[in-house]
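Residue numbers (the working numbering): 27 to 248.
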């Protein structure tokens, strides 16, 4: 876990690829993408579908660590209409029955065509960004001058190179210049976009059970 304070708000960046905000008793996750394997299967690609249950088991275990009032999913809960099969929906209903918190979904680009179905599943859907304290929660990046925008969508990853290794790892990416904090994708089978460090930015990289910060090294002046 990595504790940071941005805009006067204490945030806990968790190696489970989520953010916990103790002052709000809220857990934030992004880009779960349930049913991505089923989507590929519908297109004729043989992908195992056990990943859905594994993802929700991880989320349930994470929720049980905290005294939660709110679980906020920052978009892309399901991958597509092909994801809405009985097995996936049964896993999701079981998850909801085990979590004693208010579950909100900020609609992401993968969810937009599914809104009517999601509401029928008793999922509390929000189509606009959520303001809370000094935070602006959204799916896609939506930076604002006077708020810290916490978002998903990008699936940020960071490349760590050493003499022996060349690793591409999920990360939280903080751009202080834009008041922007991007979460890594919570889902396992989602890929990622490689981010580059720039001045006034930090990559908080998930390495096994730790979160390690990387910042741009200043150029040496001769």
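C-beta: ideal position from N, C-alpha, C; glycine also.
Considering only residues of the same chain and omitting the five flanking positions on each side of residue i, which have a CB-CB separation below 7 Å?
i           : result
residue 151 : 131, 133, 141, 144 and 145
residue 103 : 58, 60, 131 and 137
residue 46  : 38, 40, 53 and 92
residue 195 : 183, 184, 186, 231, 232 and 233
residue 169 : 175, 204, 205 and 206
Give me whichever residues DSSP pairs with residue i in a beta bridge.
i           : result
residue 241 : 228
residue 201 : 206 and 227
residue 44  : 40
residue 53  : 46 and 97
residue 185 : 194
residue 58  : None; residue 58 has no bridge partner.
residue 211 : Residue 211 is not bridged to any residue.
residue 31  : 36
Can you name, in chain order, every residue of its own chain whose Cβ lies under 6 Å from the Cβ of residue i, other than the five neighbours on each side?
i           : result
residue 201 : 227
residue 211 : 57 and 181
residue 193 : 186
residue 239 : 228 and 230
residue 246 : Confidence in residue 246 is poor, its pLDDT being 42 and thus under 50, which makes the residue's placement too unreliable to answer from.
residue 32  : 174
Just to confirm, is the Cβ distance from residue i to residue j under 7 Å?
i           : j           : result
residue 163 : residue 176 : yes
residue 233 : residue 197 : no
residue 154 : residue 88  : no
residue 123 : residue 174 : no
residue 44  : residue 53  : yes
residue 97  : residue 77  : no
residue 183 : residue 220 : yes
residue 40  : residue 30  : no
residue 165 : residue 101 : yes
residue 28  : residue 158 : no
Start and end of the alpha helix (DSSP H) containing residue i?
i           : result
residue 85  : 77-89
residue 121 : 112-124
Where do the ends of the beta strand (DSSP E) carrying residue i lie?
i           : result
residue 108 : Premise fails: residue 108 is in no beta strand (DSSP E) and is neither H nor E.
residue 133 : Per DSSP, residue 133 belongs to no beta strand (DSSP E) and is neither H nor E.
residue 222 : Where residue 222 is concerned, there is no enclosing beta strand (DSSP E), given that its DSSP letter is neither H nor E.
So, for residue i: in the same chain, excluding its five sequence neighbours on each side, which residues have a beta-carbon less than 8 Å away from its beta-carbon?
i           : result
residue 117 : 60, 78, 79 and 82
residue 147 : 115, 118 and 119
residue 34  : 160
residue 242 : 223, 224, 225 and 227
residue 121 : 82, 85 and 86
residue 110 : 61, 104, 140 and 143
residue 171 : 205
residue 248 : Low confidence applies here, because residue 248 scores a pLDDT of 41, under 50, leaving its location unreliable; read the following figure in that light. Closer than 8 Å at the Cβ level, and outside the excluded window around residue 248, lies no residue.
Flag residue i as yes when its Cβ comes closer than 6 Å to any non-hydrogen atom of the ligand ZN, and as no otherwise.
i          : result
residue 53 : Absence of the ligand ZN is noted for the structure shown, with no ligands found whatsoever.
Uninterrupted alpha helix (DSSP H) stretches inside the segment 139-180 (no shorter than 4 residues): Those alpha helix (DSSP H) runs which fall completely within the segment 139-180 and span 4+ residues are 141-146.
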